[in-house]
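Colleague: Have a look at this one.
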Amino acid sequence: MGCFSESFGGAIALQLASVLTLQAPIATQMTESPPANVPYDSLFIIGFWLLLLLGIPFWAKLEERIFRQGANTWKQILIRSTQFGLVHLLAGIPILGGFVLIVPGFLFACRYKYVHDRQLRKTADPLQAREAGVMASTADHAVYNAILVSFVASLFLQQSLS
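Everything in the sequence shown is counted per my numbering, starting at 1308 for the first residue and increasing by one.
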(Lines of atoms letter the chains of each structure in order from A and count residues from 1; the text may use other names and numbers.)
(Lines give C-alpha, C1' and ligand atoms only; values in the text may rest on other atoms or scores of the structure.)
Protein backbone atom coordinates (compact mmCIF):
# COMPACT_ATOMS: atom_id res chain seq x y z
CA MET A 1 0.00 0.00 0.00
CA GLY A 2 1.47 3.38 -0.99
CA CYS A 3 2.17 6.34 1.22
CA PHE A 4 -1.03 8.16 2.16
CA SER A 5 0.42 11.56 1.22
CA GLU A 6 0.95 10.40 -2.38
CA SER A 7 -2.69 9.48 -2.90
CA PHE A 8 -5.51 11.82 -3.74
CA GLY A 9 -6.86 11.58 -0.20
CA GLY A 10 -3.40 12.37 1.14
CA ALA A 11 -3.24 15.52 -1.00
CA ILE A 12 -6.58 16.69 0.39
CA ALA A 13 -5.40 16.00 3.93
CA LEU A 14 -2.22 18.01 3.34
CA GLN A 15 -4.22 20.93 1.93
CA LEU A 16 -6.55 20.83 4.92
CA ALA A 17 -3.57 20.78 7.29
CA SER A 18 -2.03 23.80 5.57
CA VAL A 19 -5.31 25.75 5.81
CA LEU A 20 -5.73 24.89 9.49
CA THR A 21 -2.20 26.02 10.31
CA LEU A 22 -2.58 29.18 8.17
CA GLN A 23 0.39 28.34 5.96
CA ALA A 24 0.68 28.70 2.21
CA PRO A 25 -0.95 25.75 0.48
CA ILE A 26 1.44 22.83 0.25
CA ALA A 27 0.51 22.17 -3.39
CA THR A 28 1.83 25.64 -4.23
CA GLN A 29 5.08 24.87 -2.45
CA MET A 30 5.39 21.58 -4.36
CA THR A 31 4.82 23.10 -7.81
CA GLU A 32 7.60 25.65 -7.45
CA SER A 33 10.25 23.07 -8.30
CA PRO A 34 12.02 23.53 -11.64
CA PRO A 35 10.32 21.85 -14.60
CA ALA A 36 11.68 18.48 -15.63
CA ASN A 37 13.58 18.18 -18.90
CA VAL A 38 11.39 16.41 -21.41
CA PRO A 39 13.51 14.32 -23.81
CA TYR A 40 11.70 15.40 -26.98
CA ASP A 41 14.25 13.71 -29.22
CA SER A 42 13.59 10.39 -27.47
CA LEU A 43 9.83 10.87 -27.74
CA PHE A 44 10.24 11.61 -31.46
CA ILE A 45 12.30 8.44 -31.95
CA ILE A 46 9.69 6.33 -30.15
CA GLY A 47 6.83 7.90 -32.13
CA PHE A 48 8.64 7.45 -35.43
CA TRP A 49 9.45 3.84 -34.50
CA LEU A 50 5.76 3.15 -33.76
CA LEU A 51 4.71 4.66 -37.09
CA LEU A 52 7.27 2.54 -38.92
CA LEU A 53 6.06 -0.59 -37.14
CA LEU A 54 2.48 0.14 -38.20
CA GLY A 55 3.51 0.44 -41.85
CA ILE A 56 5.76 -2.61 -41.99
CA PRO A 57 3.09 -5.19 -42.91
CA PHE A 58 1.82 -3.04 -45.79
CA TRP A 59 5.28 -2.39 -47.25
CA ALA A 60 6.41 -5.98 -46.76
CA LYS A 61 3.35 -7.31 -48.60
CA LEU A 62 3.83 -4.81 -51.42
CA GLU A 63 7.48 -5.81 -51.85
CA GLU A 64 6.60 -9.50 -51.72
CA ARG A 65 3.98 -9.08 -54.44
CA ILE A 66 6.46 -7.20 -56.61
CA PHE A 67 9.60 -9.28 -56.07
CA ARG A 68 8.48 -12.77 -55.02
CA GLN A 69 5.07 -13.46 -56.52
CA GLY A 70 5.50 -15.67 -59.56
CA ALA A 71 9.21 -16.35 -58.99
CA ASN A 72 9.02 -20.13 -59.25
CA THR A 73 12.37 -21.00 -60.85
CA TRP A 74 15.82 -20.56 -59.32
CA LYS A 75 16.79 -18.21 -62.14
CA GLN A 76 13.76 -15.98 -61.43
CA ILE A 77 14.55 -16.11 -57.71
CA LEU A 78 18.16 -14.97 -58.26
CA ILE A 79 17.14 -12.15 -60.61
CA ARG A 80 14.35 -10.87 -58.37
CA SER A 81 16.47 -11.16 -55.22
CA THR A 82 19.11 -9.01 -56.88
CA GLN A 83 16.46 -6.51 -57.99
CA PHE A 84 15.06 -6.49 -54.44
CA GLY A 85 18.42 -5.63 -52.90
CA LEU A 86 19.36 -3.00 -55.45
CA VAL A 87 15.98 -1.24 -55.54
CA HIS A 88 16.62 -0.24 -51.92
CA LEU A 89 19.35 2.06 -53.25
CA LEU A 90 16.51 4.34 -54.37
CA ALA A 91 15.52 4.70 -50.70
CA GLY A 92 18.98 5.98 -49.78
CA ILE A 93 20.51 2.69 -48.66
CA PRO A 94 24.28 2.65 -49.39
CA ILE A 95 25.41 0.41 -52.24
CA LEU A 96 26.94 -2.15 -49.86
CA GLY A 97 23.61 -2.30 -48.01
CA GLY A 98 21.84 -2.94 -51.30
CA PHE A 99 24.11 -5.88 -52.02
CA VAL A 100 23.66 -7.20 -48.48
CA LEU A 101 19.85 -7.05 -48.89
CA ILE A 102 20.10 -9.53 -51.76
CA VAL A 103 20.61 -12.27 -49.12
CA PRO A 104 17.37 -11.75 -47.16
CA GLY A 105 15.59 -11.23 -50.49
CA PHE A 106 16.84 -14.64 -51.57
CA LEU A 107 15.70 -16.20 -48.27
CA PHE A 108 12.23 -14.64 -48.61
CA ALA A 109 12.05 -16.02 -52.15
CA CYS A 110 13.04 -19.49 -50.92
CA ARG A 111 10.24 -19.30 -48.36
CA TYR A 112 7.81 -18.20 -51.09
CA LYS A 113 8.87 -21.09 -53.35
CA TYR A 114 8.67 -23.68 -50.58
CA VAL A 115 5.14 -22.69 -49.48
CA HIS A 116 3.98 -22.11 -53.06
CA ASP A 117 5.16 -25.55 -54.22
CA ARG A 118 3.76 -27.31 -51.14
CA GLN A 119 0.37 -25.60 -51.53
CA LEU A 120 0.31 -26.32 -55.27
CA ARG A 121 0.88 -30.04 -54.62
CA LYS A 122 -1.82 -30.02 -51.95
CA THR A 123 -4.56 -28.12 -53.83
CA ALA A 124 -3.50 -28.02 -57.50
CA ASP A 125 -4.74 -24.40 -57.49
CA PRO A 126 -2.02 -22.02 -58.75
CA LEU A 127 -3.78 -18.88 -57.48
CA GLN A 128 -4.17 -20.29 -53.98
CA ALA A 129 -0.55 -21.50 -54.06
CA ARG A 130 0.68 -18.07 -55.14
CA GLU A 131 -1.28 -16.33 -52.39
CA ALA A 132 -0.05 -18.79 -49.75
CA GLY A 133 3.53 -18.20 -50.87
CA VAL A 134 3.13 -14.43 -50.75
CA MET A 135 1.57 -14.57 -47.28
CA ALA A 136 4.38 -16.77 -45.93
CA SER A 137 7.16 -14.62 -47.35
CA THR A 138 5.32 -11.47 -46.22
CA ALA A 139 5.20 -12.75 -42.65
CA ASP A 140 8.94 -13.48 -42.69
CA HIS A 141 9.69 -10.13 -44.32
CA ALA A 142 7.56 -8.20 -41.81
CA VAL A 143 9.21 -9.89 -38.83
CA TYR A 144 12.67 -9.23 -40.32
CA ASN A 145 11.83 -5.55 -40.87
CA ALA A 146 10.31 -5.16 -37.39
CA ILE A 147 13.45 -6.58 -35.78
CA LEU A 148 15.70 -4.40 -37.93
CA VAL A 149 13.70 -1.21 -37.33
CA SER A 150 13.51 -1.91 -33.58
CA PHE A 151 17.26 -2.49 -33.40
CA VAL A 152 18.04 0.75 -35.24
CA ALA A 153 15.50 2.69 -33.14
CA SER A 154 17.06 1.32 -29.94
CA LEU A 155 20.49 2.51 -31.12
CA PHE A 156 19.11 6.00 -31.81
CA LEU A 157 17.27 6.02 -28.49
CA GLN A 158 20.39 4.94 -26.61
CA GLN A 159 22.37 7.69 -28.33
CA SER A 160 19.76 10.35 -27.54
CA LEU A 161 19.62 9.39 -23.86
CA SER A 162 23.39 9.48 -23.36
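For every residue, glycine included, the Cβ atom is placed at its ideal position computed from N, Cα and C. It should be emphasised that the depicted structure is a prediction, and the values quoted were computed from it without experimental measurement.
1) Please classify Leu1468 as buried or exposed, where buried requires at least 16 neighbouring CB atoms within 10 angstroms.
2) I think Phe1415 touches Arg1375, with their Cβ atoms under 8 Å apart; what is that distance to the nearest whole Å?
3) How many Å lie between Phe1391 and Pro1401 at the Cα?
4) Kindly indicate the opening and closing residues of the alpha helix (DSSP H) around His1448.
5) Taking just the CA atoms, how far does Pro1364 sit from Ser1461?
6) Would you report the Cα separation of Lys1429 and Leu1397, rounded to the nearest angstrom?
7) What residue does the alpha helix (DSSP H) around Gly1474 start on, and which one ends it?
8) According to DSSP, is Leu1350 part of a helix, a strand, or is it coil?
9) Use the C-beta contact count for Ser1457: other C-beta atoms within 10 angstroms, 16 or more gives buried, fewer gives exposed.
10) Check this for me: beta carbons of Arg1418 and Ala1443, under 8 Å apart or not?
11) Using a Cβ-Cβ cutoff of less than 7 Å, which residues in the same chain neighbour Phe1406 once the five nearest sequence positions on both sides are dropped?
12) Between the Cα of Gly1362 and those of Ala1449, Val1394, Thr1389, spot the shortest distance and give me the residue it belongs to.
13) Please return the same chain residues whose Cβ sits closer than 7 Å to the Cβ of Ser1388, not counting the five positions on each side in sequence.
Modeller: Taking the structure as given:
1) Within the sequence shown, the letter at position 161 stands for residue 1468. The residue is exposed, with fewer than 16 neighbouring Cβ atoms inside 10 Å.
2) Along the sequence shown, read from residue 1 onward, the residue named residue 1415 stands at position 108. Along the sequence shown, read from residue 1 onward, the residue named residue 1375 stands at position 68. Between Arg1375 and Phe1415 the Cβ distance is about 6 Å, and since that is below 8 Å, they are a contact.
3) Walking along the sequence shown from the start, residue 1391 turns up at place 84. Walking along the sequence shown from the start, residue 1401 turns up at place 94. Computed Cα separation, rounded: 14 Å.
4) Here residue 1448 refers to the residue found at position 141 when the sequence shown is read from its first residue. Segment 1433-1468, the alpha helix (DSSP H) holding His1448.
5) For this step, residue 1461 is matched to residue 154 along the sequence shown. For this step, residue 1364 is matched to residue 57 along the sequence shown. Ser1461 and Pro1364: Cα-Cα distance of roughly 20 Å.
6) As a first step, residue 1429 is located in the sequence shown; it is residue number 122 there, counting from the start. As a first step, residue 1397 is located in the sequence shown; it is residue number 90 there, counting from the start. When rounded, the distance between both Cα atoms is 39 Å.
7) Summary: the structure shown does not reach residue 1474, with the chain confined to residues 1308 through 1469, and so no result is reported for it.
8) Looking up residue 1350 in the sequence shown gives position 43. Here Leu1350 sits in helix by DSSP.
9) On the sequence shown, residue 1457 is found 150 positions in, with the first residue counted as 1. Flag for Ser1457 reads exposed.
10) Here residue 1418 is taken as the residue at index 111 of the sequence shown, counted from 1. Here residue 1443 is taken as the residue at index 136 of the sequence shown, counted from 1. Against a cut-off of 8 Å, the Cβ pair of Ala1443 and Arg1418 comes out as a contact.
11) For the purposes of this step, residue 1406 is identified with residue 99 of the sequence shown, where counting begins at 1. So the qualifying residues of the chain are Gly1392.
12) For this step, residue 1362 is matched to residue 55 along the sequence shown. Comparing Cα positions, the closest option is Ala1449.
13) Walking along the sequence shown from the start, residue 1388 turns up at place 81. Counting only Cβ-Cβ distances below 7 Å, and skipping sequence neighbours, we find Ile1409, Gly1412, Phe1413, Ala1416.
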